[in-house]
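Residue numbers (the numbering used here): 204 to 458.
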């Protein structure tokens with residue numbers, strides 16, 4: 204692999220020089236798939252180790268995004284269905300969340316680049332230790348507005364829409380709004396992602412070609428890119444290829 208490093212670096216440079224800084228996606232969303240499969244393929248590491256390496260990959264992607272001028276990154280970290288995984292794995296992931304949210308409080312790159320951190324999802328489903336660590340991370344970056352990093356935890360796209368409908372129905376019931384006032388903007392304003400621009404580009408790793416309930420409402424006009432690499436194996440050259448592909452597409456809205 205070390206022998207190939209100079210070649211990949213040259214290829215990274217070649218792709219980078221062809222990218223248009225004025226045509227970067229403003230908001231990319233990522234389904235970080237393949238951590239568990241990576242663990243199985245390696246054969247000698249446990250599942251949580253695969254997730255830990257996945258965290259390292261996410262940090263690299265954030266660095267690459269900042270370097271390219273991408274303003275918003277949203278990553279799908281943990282769905283509501285993931286609670287059905289083996290207890291040992293779920294507990295390991297919760298501990299990983301606590302550890303890394305606490306790291307954000309003093310994370311040099313996060314603060315140097317003025318990245319605001321926000322978590323979206325059903326936080327009430329998470330252990331109190333995770334909620335407290337999330338609050339610390341969010342509060343430590345709440346005054347930033349240059350870049351935005353969102354993590355979807357305890358998230359499900361269908362549940363998000365159902366919860367939005369319930370909130371709107373309650374407002375109608377309380378006489379605050381009429382049925383005729385319900386429109387797309389009102390629904391968007393009641394989602395977990397309220398106030399967040401829809402993603403221009405959604406990336407999924409591991410070769411799976413589906414959204415798995417991620418940003419169902421928000422992805423109507425998003426470009427989709429499915430990458431064969433498992434998430435922990437994603438390289439900078441893979442990421443640059445995604446951005447190049449995005450810039451080469453002719454974006455259409457509607458049918």
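C-beta atoms are modelled at their ideal positions from N, C-alpha and C, and glycine is treated no differently. All values reported here derive from a predicted model rather than from experimental measurement.
Assigned exposure category for residue i - 16 Cβ within 10 Å defines buried
i	result
residue 289	exposed
residue 421	buried
residue 398	exposed
residue 286	exposed
residue 224	exposed
residue 353	buried
residue 358	buried
residue 268	buried
residue 282	buried
residue 343	buried
residue 340	buried
In DSSP terms, what residue i is bridged to
i	result
residue 353	277 and 321
residue 282	358
residue 407	234 and 429
Proximity below 8 Å, CB of residue i to CB of residue j
i	j	result
residue 435	residue 260	yes
residue 351	residue 312	no
residue 271	residue 446	yes
residue 408	residue 237	yes
residue 428	residue 228	no
residue 273	residue 218	no
residue 292	residue 258	no
residue 433	residue 240	yes
residue 426	residue 404	yes
residue 442	residue 264	yes
Rounded C-alpha distance that separates residue i from residue j
i	j	result
residue 451	residue 335	43 Å
residue 368	residue 384	13 Å
residue 317	residue 279	21 Å
residue 324	residue 355	6 Å
residue 338	residue 210	43 Å
residue 374	residue 284	29 Å
residue 315	residue 349	11 Å
residue 439	residue 411	20 Å
residue 418	residue 248	31 Å
residue 370	residue 226	37 Å
residue 389	residue 372	11 Å
residue 430	residue 406	7 Å
residue 234	residue 275	15 Å
residue 208	residue 216	12 Å
residue 479	residue 255	Residue 479 lies beyond the range of the chain shown here (204 to 458); nothing can be said about it.
residue 246	residue 437	19 Å
residue 444	residue 345	32 Å
Could you check whether the segment 363-380 touches the segment 305-315, counting it as contact only if at least three pairs of C-beta atoms, one from each stretch, sit closer than 8 Å? no
Can at least three beta-carbon pairs, one atom from the segment 283-303 and one from the segment 323-343, be found at a separation below 8 Å? yes
Report yes or no: do three or more beta-carbon pairs, one from the segment 357-365 and one from the segment 380-396, lie closer than 8 Å? yes
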